[in-house]
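FYI, in full-length UniProt numbering the residues of the sequence shown are 1 to 591.
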Amino acid sequence: MPMFAPSLVDYFLEVVIADPVGTPVRSIAHRVPALDRPGFPLPDGVRYFCLPDKIDLRDRALYEKTPKFHAFTLTGGDGSRAYGFALTTYTRARDATLCLPRVYCFISHFALFGLFKEALGWIYHAQAAEPASWRDAIVDLVRRAPAPVIGATTEFHIHGQLLFQQTLHASGLGFVDDACFQLLFQHLSIKNIIFILNCMLLEQRILIHSSHHGLLTPVCEALCALLYPFVWEHVYIPLLPMKLIEYLQAPVPFFMGVHTSYLTTKSGADVFASCVVIHLDKDKVVRPIHGSHGLQSAVDHPIAKFPPIAVSFLQCKVQAMLDLYQPIASAPTADANRVRFRRNARTSDVLRLEDASSEVDVTFGPGPLGITFEPTHVRLLATGADVAHPTSAVVKAFPQLQNGLPGPAALSGVLHIGSFLLSVNGVSTLSLSFEATCDLLRSQPRPLRLRFQNAPRPFPNACRFAARVQTSAFLSVSPVPKVSPATATPITPWVDPVRVAFAEFFVDLFRGYAQYIIVTPTPSPQLAAPRSPQHSRRNSRQRQAAVAITFDADAFLGQLHGATTTTNFLPSLLRDAGVPGLGQRHGPWQP
């Protein structure tokens, strides 16, 4: 088989629904190149990853027709990993009763989320303005764009014009898009992130779900990156299509992501109790009830945890980094915040964590809500954040009902003037305009479940909401094409320090392990006389491999101060790692 040399783009696809009136099926309507690349044929199942849900051709409301971005991974038999970056758009059928999806997708071996999202956004606007020329530009991009180089800037050119660029900064931690970490820390608390890494290191079966397809792959990529210097080597499918839902029955460690609606299927419900389940939309992590799939009785399945003191210091250290680089109004304010942070960083505050903002869910029955909403433009403008266009809505007032009594919102006691609306019945409003948000509020059935972001002080609350809007733009395409001739991915200053903090945590936890690996030569086995030169070389290799490898777990644990009294994580890991001889003082392993 010829050696495969990846370029920036391996394939470009357009996936549609063929025969929507008769028997609708997913179909690749257009692809570049038309023939498979040597060494990397296009997987046939890629169309299911482009349209992962069940085929639904019903007419959709305005907010449902917003273009949505999601990513997925394709793992080859040799362990190589390719990425898919897809933008789902909707067009009305000729009879005006069906709403047909059309997906534009790039396949690449490089996880450049920001660059491909901007390229797909350009396609979305260009296919309406320049229906004849944009395809030629994509063909040129696929054929001529070179593979990106670490430390250099990858540029996206269309007709000789630079539209977007992304720099792959050289780092010993490996390149992962900053947007992945932003999405991770906005949807999961530090405490839950550490616990998930704990479960990954213990090789648990991990299932992550969300009502937003676009969140799954970036969050999973960030979690795997934080595991450094360790690597997740088991089954990894951050976005699992409905067609492949039976993969959840696999009796092996896995890390998979699904849409929340898939959990209502039989396969999703059956596996729920035997996995570590991550509720991404609600920042919750649920432990498994029992450890193996198919176990009839509910058997307690404890999970050993990291040392609590080390976890507390890591948690506080990461929180301090996030607070230091949180969105602020201006450069002078940034300097003042850093000075104030240093002055307030007393030893007595090391283990104290403050919840600066909170999210609340309020459910409303029939009748008026008792809320007056207004656009978020003025409040976001005051933060100085670079937000392309105002989104969602913010609470302006709590008007009284016609009988003079306070409304349900005021009686709830958890909402305030300045609370930002995040979602309606699980549908995010962060990428919707104020008009589309109001249309969503009017069209959704009761009971109406609204999710808000609150904070004790209005300005920090607005800053955090602005940061959330900026990150959510990663999952959608602006309805208005960008005016600027070229844009570049901004650098998120806290990402590298946070990654280093997690790496230092793992290195410190497993420091000095190498000196406790014991390699002992063993008597060479009696081998038959070689019948050919090939047999002679094989016998020579077998004699060289005749060694016994053991790990002195007791000595390793003994050199850790307080390890046996503070936690059972390391003993559990060493006994249950599944590596022959690991965790046993005796019992040589013959490779």
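Backbone N, C-alpha and C fix where the C-beta goes; we use that ideal spot for every residue, glycine too.
In whole angstroms, what separates the C-alpha of residue i from that of residue j?
| i | j | result |
| --- | --- | --- |
| residue 596 | Leu183 | Any answer about residue 596 is impossible in this case: the structure gives the chain only from 1 up to 591. |
| Val32 | Tyr83 | 16 Å |
| Leu381 | Val469 | 13 Å |
| Val46 | Val362 | 39 Å |
| Pro504 | Ala462 | Per the sequence shown, the amino acid found at residue 504 is Glu instead of Pro. Those two C-alpha atoms are separated by around 33 Å. |
| Val139 | Phe164 | 17 Å |
| Phe459 | Val414 | 18 Å |
| Pro406 | Tyr236 | 51 Å |
| Ser133 | Thr260 | 39 Å |
| Thr264 | His209 | 12 Å |
| Pro493 | Tyr325 | 7 Å |
| residue 592 | Phe175 | Any answer about residue 592 is impossible in this case: the structure gives the chain only from 1 up to 591. |
| Ala501 | Val394 | 36 Å |
| Ser211 | Phe254 | 20 Å |
| Val149 | Tyr11 | 19 Å |
| Phe420 | Phe452 | 5 Å |
| Pro497 | Ser171 | 12 Å |
| Leu401 | Gly370 | 7 Å |
| Gly418 | Arg287 | 36 Å |
| Asp19 | Ala93 | 11 Å |
| Arg102 | Met256 | 25 Å |
| Ile289 | Tyr48 | 31 Å |
| Leu240 | His109 | 19 Å |
Enumerate in chain order the residues of its own chain whose CB-to-CB distance from residue i is below 8 Å, with the five nearest sequence positions on each side excluded.
| i | result |
| --- | --- |
| Gly268 | Ile245, Leu248, Val258, Tyr262 |
| Ile196 | Leu188, Ile206, Leu223, Val276, Ile278, Val285 |
What is the residue span of the beta strand (DSSP E) that residue i lies within?
| i | result |
| --- | --- |
| Asn454 | 448–454 |
| Arg379 | Where Arg379 is concerned, there is no enclosing beta strand (DSSP E), although the alpha helix (DSSP H) it sits in stretches over 377–383. |
| Thr163 | First, the amino acid is wrong: residue 163 is Leu here, not Thr. Element bounds for Leu163: 161–167. |
| Ile208 | 206–210 |
| Glu504 | That residue, Glu504, is in no beta strand (DSSP E); its alpha helix (DSSP H) goes 495–509. |
| Ser283 | Ser is not the amino acid found at residue 283; the sequence shown has Asp there. Where Asp283 is concerned, there is no enclosing beta strand (DSSP E), given that its DSSP letter is neither H nor E. |
| Val258 | 254–259 |
| Arg92 | 81–92 |
| Tyr63 | Segment: none, Tyr63 is in no beta strand (DSSP E) and carries neither H nor E. |
Whose C-beta lies closer than 6 Å to the C-beta of residue i among residues of the same chain, with five residues either side of it excluded?
| i | result |
| --- | --- |
| Cys105 | Leu13, Cys50, Gly84, Ala86 |
| Leu448 | Phe364 |
| Ala356 | Caution applies to Ala356, whose pLDDT of 43 falls short of 50 and renders its modelled position unreliable; the value that the coordinates give is listed next. Nothing meets the Cβ criterion. |
| Leu495 | The sequence given here has Val at residue 495, not Leu. The answer, listed in chain order, is Asp178, Phe181. |
| Phe4 | Gly39, Phe40 |
| Gln542 | Confidence in Gln542 is poor, its pLDDT being 47 and thus under 50, which makes the residue's placement unreliable; the coordinate value appears in the next sentence. So no residue of the chain qualifies. |
| Ile158 | Ala137 |
| Leu112 | Gln166 |
| Asp281 | Ser210, Ser211 |
If you drop the 5 nearest sequence neighbours on each side, which residues of the same chain put their C-beta closer than 7 Å to that of residue i?
| i | result |
| --- | --- |
| Ile190 | Gln315, Val318, Gln319 |
| Ser7 | Ala145, Pro146, Ala147 |
| Arg58 | Cys99 |
| Ser443 | Ala61 |
| Gln296 | Unreliable placement is indicated for Gln296, whose pLDDT of 45 sits below 50; the coordinate value is still reported in the next sentence. Around Gln296: no qualifying Cβ. |
| Ala436 | Leu62, Tyr63 |
| Thr91 | Leu100, Arg102 |
Under DSSP, the alpha helix (DSSP H) around residue i begins and ends at which residues?
| i | result |
| --- | --- |
| Thr217 | 213–226 |
| Met200 | 190–201 |
| Val231 | Val231 -> no alpha helix (DSSP H), and no H or E assigned at all. |
| Asp270 | 266–271 |
| His157 | From DSSP, His157 is part of no alpha helix (DSSP H) but of the beta strand (DSSP E) over 153–158. |
| Phe185 | 178–187 |
Practice task
Give a yes or no on contact between the segment 267–285 and the segment 185–200, applying the rule of three or more CB pairs nearer than 8 Å.
Solution key: yes
Problem - Cβ pair count under 8 Å reaching 3, the segment 19–35 against the segment 63–81 - result: no
Handout entry: Touching by the beta-carbon criterion (3+ pairs, under 8 Å), the segment 69–82 and the segment 103–122
Key = yes
Exercise for the section: Pick out the complete beta strand (DSSP E) segments inside the segment 386–469, 3 residues or longer, and give them in chain order. Expected result: 394–397, 420–424, 448–454
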